[in-house]
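Here this note's numbering is used: the first residue of the sequence shown is 588, the next is one more, and so on.
Ideal Cβ positions, reconstructed from N, Cα and C, are used throughout, including at glycine.
Reading through the structure tokens given below for one structure.
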Amino acid sequence: MVKETPFVPVNVKCPFCETESTHRYIKSRMFQPDLLEEDTHVVTYKWENPEFAQVRPNLYHIWHCPACHFCDEKETFRGEDKSSGKLELIKEKLLIHSRMPKSMISRMGGAIDFSHDNYSMESAILAHLLAIYEQELLSPSMRQHAKLARFYLRLAWLYREKAALELPEEAVPAGFESFAAFLQSFKAEWPGIPVEEGPALDVAMARYQDILNFSSGADLKYEINIMNLLIAILRRNRRNAEALKMLRAVFSAATKARQIARAAIQKGVNAVQQQNLLNFAAGVIEKTTELAEQLGDIVFNEELPAAKEAVLKMGPVDAKTVVAKLRELKFADITCRRLGKMFEKQAMKK
Ligand SMILES: [Zn+2]
């Protein structure tokens, strides 16, 4: 009897160097997310066959060409990526780098071993780093922002899994004490290389912000989903004041979406689609209002001691000045307003 396996090996030609090699993906019906974290990281899966519980699907997300070290998602290897112009630009640069044995791409790619079913965490991390590095060979305005943001977030998840599972290092390249030391050796060529979860998450957030900055405003639902993801990441890292600020942006985007949907429904344009947008916006507004209240209290309590101290240092001032000065000191809006009110009440008692 053939042993059951969750992996599907496929032979695919590299879209860059045209070398054929074997890649793997996991049959999607074999597992479902079980426990999820705020930033959509899946901690545990429910497997149809419990024997596969040790398999970590996140390790299989990026494919690697062992010949030229091109790394990307399976869709790109299969020619389903629609940004072929951008890929052509990466190809030109990558093929030069990969021919030089001492280049970072050759050294990093040479340490990836995806030749058997069980991918190591180290190889998966290197494949993600390479996929990122190769995207960043393009000038910032040419990059695929959504892809880059996703790769950084996924890289952060791998570092998190590596730390949480305390996995023994399987693949430390010769001449290095640890995998971390190997990663550190790339700092000269890639000064910003994220080698742990925190820095990877920071860049992921910046890249998601890029998507918002570069977006045309035509797809409010997409933008709201990105903002909600950013809020989740910020909250996970206890950056509550920033999360609260972004909640306000979500609120105004959802309000705008609601207006657009209502106007379109009145005119009878795309009624079903617009009703869906209207329902989505209404749900977002309700959730956002609730979360803003909770988060407002949290931020206010966090900032209160420092804000009180700042007010004491101001000397004799009126409530308006208190609010203005606290704003100057970059306290959250909620803190400024609430302290202003407290100050007003106290002044009236005197
Ligand atoms: Zn290749």
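Q: Taking Ile692 and Leu681 to be in contact with their CB atoms under 8 Å, please state how far apart those CB atoms are, rounded to whole angstroms.
A: Taking the first residue of the sequence shown as position 1, residue 692 is located at position 105. Taking the first residue of the sequence shown as position 1, residue 681 is located at position 94. Correct: roughly 7 Å between the Cβ atoms.
Q. In chain order, what residues of the same chain have a beta carbon less than 7 Å from the beta carbon of Ala848, not counting five sequence neighbours either side?
A. On the sequence shown, residue 848 is found 261 positions in, with the first residue counted as 1. Hits under 7 Å: Gln861, Leu864, Leu865 and Ala868.
Q: Could you tell me if the beta carbon of Cys658 falls within a distance shorter than 7 Å of some heavy atom in ligand 1?
A: One-based indexing of the sequence shown puts residue 658 at position 71. Flag unset: Cβ of Cys658 not near ligand 1.
Q.
Let's see if you can read the secondary structure: which residues bound the alpha helix (DSSP H) around Asn888?
A. What you label residue 888 is simply residue 301 of the sequence shown in a count that begins at 1. It spans Ala858 to Lys900 - the alpha helix (DSSP H) in which Asn888 sits, taken as one unbroken run.
Q. Residues in its own chain within less than 6 Å of Gly927 by CB, not counting five upstream and five downstream?
A. Within the sequence shown, numbered from 1, the residue matching residue 927 stands at position 340. For Gly927, where only same-chain residues beyond five positions count, the Cβ hits under 6 Å are Ala906, Val909 and Val910.
Q: Go through the stretch 601-668 residue by residue and report every complete run of the alpha helix (DSSP H) that reaches 4 residues or more, in order.
A: 661-664
Q) Counting pairs of Cβ atoms below 8 Å between the stretch 734-744 and the stretch 785-801, do you hit three or more? A) yes
Q: Could you tell me whether the Cβ atoms of Pro760 and Phe769 are closer together than 8 Å?
A: Within the sequence shown, numbered from 1, the residue matching residue 760 stands at position 173. Within the sequence shown, numbered from 1, the residue matching residue 769 stands at position 182. Yes, these two residues count as a Cβ contact at 8 Å.
Q. What residue ranges within the stretch 709-740 form continuous alpha helix (DSSP H) runs of no fewer than 4 residues, ordered along the chain?
A. none
Q: Could you tell me whether the stretch 590-607 touches the stretch 797-805, where touching means 3 or more Cβ pairs closer than 8 Å?
A: no
Q) Grouping DSSP H, G and I as helix and E and B as strand, with all else coil, what is Phe594? A) Working through the sequence shown from its first residue, we reach residue 594 at position 7. Residue state, collapsed to three classes: strand.
Q. Is any heavy atom in ligand 1 found nearer than 7 Å to the beta carbon of Cys604?
A. Counting from one through the sequence shown, the residue named residue 604 turns up at place 17. Flag set: Cβ of Cys604 near ligand 1.
**Q.** Cβ-heavy atom distance, Ala718 to ligand 1, below 7 Å
**A.** Along the sequence shown, read from residue 1 onward, the residue named residue 718 stands at position 131. No; taking the cut-off as 7 Å, the Cβ of Ala718 has no heavy atom of ligand 1 nearer than that.
Q: Report the option in Arg665, Trp650 and Met617 whose CA atom is closest to the CA atom of Glu635.
A: Here the question's residue 635 lines up with position 48 in the sequence shown. Glu635 has its Cα closest to that of Met617, out of Arg665, Trp650 and Met617.
Q: Please classify Thr876: is it buried, with 16 or more other beta-carbons within 10 angstroms of its beta-carbon, or exposed?
A: Locating residue 876 in the sequence shown gives position 289, where the first residue counts as 1. So Thr876 ends up on the exposed side.
Q: Closer than 7 Å by C-beta to Pro620: which residues in its own chain qualify, once you throw out the five before and the five after it? Chain order, please.
A: Counted from its first residue, the sequence shown places residue 620 at position 33. Result list for Pro620: Val629 and Tyr632, in chain order.
Q: Compute the minimum distance between the beta carbon of Ala698 and the heavy atoms of ligand 1, and state whether it is under 7 Å.
A: Along the sequence shown, read from residue 1 onward, the residue named residue 698 stands at position 111. No.
**Q.** Ile780: first and last residue of the uninterrupted alpha helix (DSSP H) it sits in
**A.** Here residue 780 corresponds to residue number 193 of the sequence shown, with the count starting at 1. Here Ile780 belongs to no alpha helix (DSSP H), and DSSP marks it neither H nor E.
Q: List the residues that DSSP assigns as beta-bridge partners of Val599.
A: Taking the first residue of the sequence shown as position 1, residue 599 is located at position 12. For Val599, which the question treats as bridged, DSSP gives the partners Ser608.
Q) Rounded to the nearest angstrom, how far is the Cβ of Ile712 from that of Leu745, given a contact under 8 Å? A) By 1-based counting over the sequence shown, the position of residue 712 is 125. By 1-based counting over the sequence shown, the position of residue 745 is 158. With 8 Å as the limit, Ile712 and Leu745 qualify as a contact, their Cβ atoms being about 5 Å apart.
Q.
Under 8 Å: do the stretch 753-767 and the stretch 829-837 share three or more Cβ pairs, one atom per stretch?
A. no
Q) For Asn705, which of helix, strand or coil comes out of DSSP? A) Taking the first residue of the sequence shown as position 1, residue 705 is located at position 118. Reduced to three states, the DSSP call for Asn705 is coil.
Q | Sequence-distant residues of its chain with Cβ nearer than 7 Å to Leu676 (five each side left out) | A | Along the sequence shown, read from residue 1 onward, the residue named residue 676 stands at position 89. Cβ neighbours of Leu676 beyond the five flanking positions: Leu725 and Met729.
Q.
Does Ser685 pass the burial test, meaning 16 or more other C-beta atoms within 10 Å, or should it be called exposed?
A. As a position in the sequence shown, residue 685 is number 98, starting the count at 1. Buried is the call here.
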